[in-house]
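Participant: In the numbering used here, the protein residues as written are 32 to 151.
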């Protein structure tokens, strides 16, 4: 199966965040791929953020492809992230991300059934 996934959709204030995000969904809208419910490229313009939110019964990975920002593990606690970094959280954990750079922040977002990642 081949699908055209080149269309980006503008999302202002994504998940209650600030500014403009552009989303190019690969898997979404009720589709599932063996435990994965959402896969998308998300591009945050400079200063834009994805609002703080929780995932019930699912985890999420962000793989930062370009740019830099702050990844929030609570509404007030953040960790700097840059291209090449991966963030992940398990079900019922909250998070958000803000683009703190002068360039777009591009990331791959994956929402999945909660799994355990070996940290060795």
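For every residue, glycine included, the Cβ atom is placed at its ideal position computed from N, Cα and C. This one's a predicted model, so the numbers in the text were calculated from it and none came from an experiment.
Could you please give me the residues that DSSP links to residue 74 through a beta bridge?
Facilitator: Position 43 of the chain shown, counted from the first residue, corresponds to residue 74. For residue 74, which the question treats as bridged, DSSP gives the partners 53, 137.
Participant: Measure the CB-CB distance between residue 88 and residue 42 and report whether it falls below 8 angstroms.
Facilitator: The sequence position of residue 88 within the chain shown is 57, counting from 1. The sequence position of residue 42 within the chain shown is 11, counting from 1. No, Cβ-Cβ distance for residue 88 and residue 42 is not below 8 angstroms.
Participant: If you run the structure through DSSP and keep just helix, strand and coil, what is residue 46?
Facilitator: As a first step, residue 46 is located in the chain shown; it is residue number 15 there, counting from the start. Here residue 46 sits in helix by DSSP.
Participant: Would you list the residues sitting across from residue 125 in a DSSP beta bridge?
Facilitator: Numbered from 1 along the chain shown, position 94 holds the residue referred to as residue 125. According to DSSP, which records beta bridges pairwise, residue 125 is partnered with 85.
Participant: Smallest Cα separation from residue 35: which of 58, 101, 47?
Facilitator: Start at 1 with the first residue of the chain shown, and residue 35 comes out as number 4. The option with the nearest alpha carbon to residue 35 is 58.
Participant: Quick one: grab the DSSP three-state call for residue 58.
Facilitator: Taking the chain shown and counting its residues from 1, one reaches residue 58 at position 27. Residue 58 falls in the strand class under three-state DSSP.
Participant: Within its chain, find whatever has a CB closer than 6 angstroms to the CB of residue 70; leave out the 5 residues flanking it on each side and keep chain order.
Facilitator: Along the chain shown, one-based indexing puts residue 70 at 39. 57, 58, 141, listed in sequence order.
Participant: Is residue 138 buried or exposed, if buried means 16 or more other CB atoms sit within 10 Å of its CB?
Facilitator: Against the chain shown, residue 138 aligns to sequence position 107. With 16 or more other Cβ atoms within 10 Å, it is buried.
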